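Residue numbering for the sequence shown follows my numbering, starting at 1 and increasing by one per position.
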Amino acid sequence: MNQSFEESNNNNNFIESTYYLVVHIFRAIILNIKKNIGLFLLCLLLPLAFFVASSISKKTVYTGTFTVMYDDLTRKIYGDRIEKLNELVRDNQHQTVSLLLGIKPEEAKRLREIKGKNILGQELTEDLNTDKIPFMVTIVASDSTGMIMIQDRLVEFLETGTQYLANRKALKAKEIQDELNFIDRQLAHIDSLERKMNSIGDIGGESAQDGDKGTNSIFESSYELYKKKQELERRRSVPTTLHVVDDIIIPVKTKVSLVGAIAKGIIIGIFLYAIIVLLVIPVFRFRDAKNI
C-alpha cells in the first residue's frame with residue numbers, strides 16, 4: 001500500500017516538475033524576446049517581407065496536361081527531348097524555343113515549364129521501360145491562349161525535331177507505300193488466278209472439285225491481304241507515330257498561396273532569431289570577455 005502510494009506520488013512529482021520545466025522554458029523564451037524585441041522583429045519582418053513580396057510578384061500561371069500515345073522509340077527518349085526543351089524555357093532562351101517549336105517569340109515567352117511523366121507520375125527521363133503505355137506532357141504558361149497550338153507543335157517537335165526523326169518518318173511512309181504496291185500486285189495476281197479457277201469450274205468433273213478447293217484457298221489469301229491493306233491505309237492516313245489521345249481542354253489556374261508565404265517567412269524568421277541569439281551573440285560576448 002505504502003509502495004503504491006509512493007509510486008503515485010513520484011509520478012505526480014514527475015508530471016509537476018515537467019510542467020514547471022516547460023513553463024520556465026517558455027518564460028525564458030518570452031523574456032528573451034522582450035529583451036531583444038527589436039532584433040526579433042527585424043528577424044521576423046525581413047524574411048516575411050521577402051516571401052510575401054515574392055509571392056505577390058509572381059504572375060498567375062496556367063497548367064495544362066495532355067496524354068500521348070506512341071508507336072515508336074521509348075518514353076525515355078521522348079523524356080530527354082522534353083527536358084532539353086524545358087532547360088531552354090527555364091533559361092529564357094525564347095528565340096531558340098520559338099525556332100524549335102515553330103512558334104512566335106512572344107508565344108515562347110509565355111512558357112514557364114514543360115514536363116513529361118508516365119502514368120505513374122514518374123519523370124520520363126528516368127523511365128527505362130520499353131512498353132508502349134501512353135505518357136503525359138504538362139505545359140505551364142503565363143497565358144492560356146494558344147495552348148492547343150503549342151501542344152500540336154510540341155508533338156511535332158518530338159516526332160520530327162531532328163534530321164534522324166524526320167528521315168525515319170519519311171522512311172516509314174515509303175515502306176507503307178511499298179507494301180501497299182506489293183499487296184495491289186498480289187491482289188491483281190489472285191484475281192487473275194480466280195478467273196482461271198472459275199473457268200475450270202465451268203468445265204466440271206474432278207477439275208471442278210480441285211478448282212473449288214483452289215478458289216477457297218485463294219479467297220482466304222485475298223481476305224488476309226485486304227485486311228493487311230486496310231491496316232496499311234489506316235497507318236498512311238495517320239502518318240504520325242505520336243497521337244494525342246487527350247487534348248488540353250481547360251488549363252488549370254495555379255493560385256499563388258499568400259498564407260504559405262507568410263508561414264514560411266515566420267518560420268525562417270524565428271529560426272534566424274534563434275541562431276543569432278544562441279550562437280552569434282554568445283560568440284561575440286565570449287570574444288569580448290576574453291579580450292578583457
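Glycine included, every Cβ here is placed at the ideal spot set by N, Cα and C. Source: prediction; values computed, not measured.
Label Ala261 either buried or exposed according to how many other C-beta atoms from any shown protein chain fall within 10 Å of its C-beta, with 16 as the threshold for buried.
-> Looking up residue 261 in the sequence shown gives position 261. So Ala261 counts as buried.
Pick from Leu31, Leu41 and Tyr62 that is closest to Met147, judged by C-alpha positions = Locating residue 147 in the sequence shown gives position 147, counting from the first residue. Residue Tyr62 is the option with its Cα nearest to Met147.
Skipping 5 residues on each side, what residues in its chain have a beta carbon closer than 8 Å to that of Leu187?
-> For the purposes of this step, residue 187 is identified with residue 187 of the sequence shown, where counting begins at 1. If we look at Leu187 and ignore the five residues flanking it on each side, its Cβ neighbours are Ser222, Leu225, Tyr226 and Lys229.
State yes or no: is the C-beta of His243 within less than 9 Å of the C-beta of Met69?
-> Residue mapping note: residue 243 aligns to position 243 of the sequence shown, counting from 1. Residue mapping note: residue 69 aligns to position 69 of the sequence shown, counting from 1. For His243 and Met69, yes; Cβs fall inside 9 Å.
N- and C-terminal bounds of the beta strand (DSSP E) containing Ile139 | Mapped onto the sequence shown, residue 139 falls at position 139. Run containing Ile139: Phe135 to Ala141, per the beta strand (DSSP E) assignment.
Reducing DSSP to helix, strand and coil, say where Asn118 ends up.
-> Counting from one through the sequence shown, the residue named residue 118 turns up at place 118. Strand at Asn118.
Exposed or buried, which one is Leu159 when buried takes at least 16 other CB atoms within 10 Å?
-> As a first step, residue 159 must be located in the sequence shown, where it is residue number 159. With the sequence shown as reference, residue 159 is identified as Glu, and Leu is not the correct amino acid for it. By the neighbour-count rule (16 or more Cβ atoms within 10 Å), Glu159 is buried.
C-alpha gap between Cys43 and Lys35, whole angstroms = For the purposes of this step, residue 43 is taken as the residue at position 43 of the sequence shown. For the purposes of this step, residue 35 is taken as the residue at position 35 of the sequence shown. In a straight line, the C-alpha of Cys43 is about 14 Å away from that of Lys35.
With 16 other Cβ atoms within 10 Å as the buried cut-off, status of Gly102 | Translated into the one-based positions of the sequence shown, residue 102 becomes position 102. Exposed, by the Cβ-count rule.
How many Å lie between Lys84 and Phe51 at the Cα?
-> For this step, residue 84 is matched to residue 84 along the sequence shown. For this step, residue 51 is matched to residue 51 along the sequence shown. Using only the alpha carbons, I get a separation of about 30 Å.
Mind listing, in chain order, the continuous alpha helix (DSSP H) runs of no fewer than 4 residues lying wholly within the stretch 57 to 112?
-> 75 to 90, 94 to 101 and 105 to 109
Tell me His243's beta-bridge partners as DSSP assigns them.
-> Counting from 1 along the sequence shown, the entry for residue 243 is found at position 243. DSSP lists Met69 as partners of His243.
Quick one: using the 10 Å Cβ neighbour count with 16 as the cut-off for buried, is Gly79 buried or exposed?
-> In the sequence shown, counting from the first residue as 1, residue 79 sits at position 79. By the 10 Å Cβ count, Gly79 comes out buried.
Note down, in chain order, each residue of its chain lying with its Cβ closer than 8 Å to the Cβ of Gln151, except the 5 sequence neighbours on either side.
-> What you label residue 151 is simply residue 151 of the sequence shown in a count that begins at 1. Closer than 8 Å at the Cβ level, and outside the excluded window around Gln151, lie Gly64, Phe66, Val137, Ile139, Val244, Asp247 and Ile248.
Less than 9 Å separating the beta-carbons of Arg236 and Leu180?
-> Looking up residue 236 in the sequence shown gives position 236. Looking up residue 180 in the sequence shown gives position 180. Contact: yes.
Proximity of Ala124 and Arg90 at Cβ, strictly below 9 Å | Position 124 of the sequence shown, counting from 1, holds the residue named residue 124. Position 90 of the sequence shown, counting from 1, holds the residue named residue 90. Here residue 124 is Leu; the residue named in the question, Ala, does not match the sequence. Not in contact: Leu124 and Arg90 (Cβ atoms no closer than 9 Å).
Does the beta-carbon distance from Ile82 to Ile114 come in below 9 Å?
-> As a working mapping, residue 82 is identified with position 82 in the sequence shown. As a working mapping, residue 114 is identified with position 114 in the sequence shown. Cβ atoms of Ile82 and Ile114: closer than 9 Å.
Where the alpha helix (DSSP H) through Thr160 begins and ends = As a first step, residue 160 must be located in the sequence shown, where it is residue number 160. Run containing Thr160: Met147 to Thr160, per the alpha helix (DSSP H) assignment.
Roughly how many angstroms separate the alpha carbons of Arg110 and His94, rounded to a whole number?
-> Taking the first residue of the sequence shown as 1, we reach residue 110 at position 110. Taking the first residue of the sequence shown as 1, we reach residue 94 at position 94. So the two alpha carbons sit approximately 9 Å from each other.
Best match in Thr18, Arg27 and Ser55 for proximity to Gly265 [C-alpha to C-alpha] = The residue you call residue 265 lines up with position 265 of the sequence shown. Closest option to Gly265, Cα to Cα, is Ser55.
Starting from Leu258 and walking both ways along the alpha helix (DSSP H), at which residues does that stretch end?
-> Locating residue 258 in the sequence shown gives position 258, where the first residue counts as 1. Unbroken alpha helix (DSSP H) run through Leu258: Leu258 to Ile275.
Under the rule that 16 or more other beta-carbon atoms within 10 Å means buried, what is Ser142, buried or exposed?
-> To locate residue 142, count along the sequence shown from 1; it is residue 142. Ser142 should be labelled exposed.
Roughly how many angstroms separate the alpha carbons of Asp351 and Asp178, rounded to a whole number?
-> Residue 351 lies beyond the range of the chain shown here (1 to 292); nothing can be said about it.
Going straight from the alpha carbon of Glu231 to that of Glu126, what length do you get?
-> Along the sequence shown, one-based indexing puts residue 231 at 231. Along the sequence shown, one-based indexing puts residue 126 at 126. Cα to Cα, the separation comes out at about 33 Å.
Whole-angstrom Cβ separation of Phe157 and Leu100, contact assumed at under 8 Å?
-> Here residue 157 is taken as the residue at index 157 of the sequence shown, counted from 1. Here residue 100 is taken as the residue at index 100 of the sequence shown, counted from 1. That belief holds up - the Cβ atoms of Phe157 and Leu100 are roughly 6 Å apart, short of 8 Å.
Look up Glu231 in the DSSP assignment and give the residues it is bridged to.
-> Taking the sequence shown and counting its residues from 1, one reaches residue 231 at position 231. In the DSSP output, where bridge partners are listed per residue, Glu231 has none listed.
Alpha carbon to alpha carbon, how far is Ala170 from Ile77? Give it in angstroms, no decimals.
-> Reading the sequence shown from its first residue, position 77 is the one you call residue 77. Reading the sequence shown from its first residue, position 170 is the one you call residue 170. Cα to Cα, Ile77 sits roughly 19 Å from Ala170.
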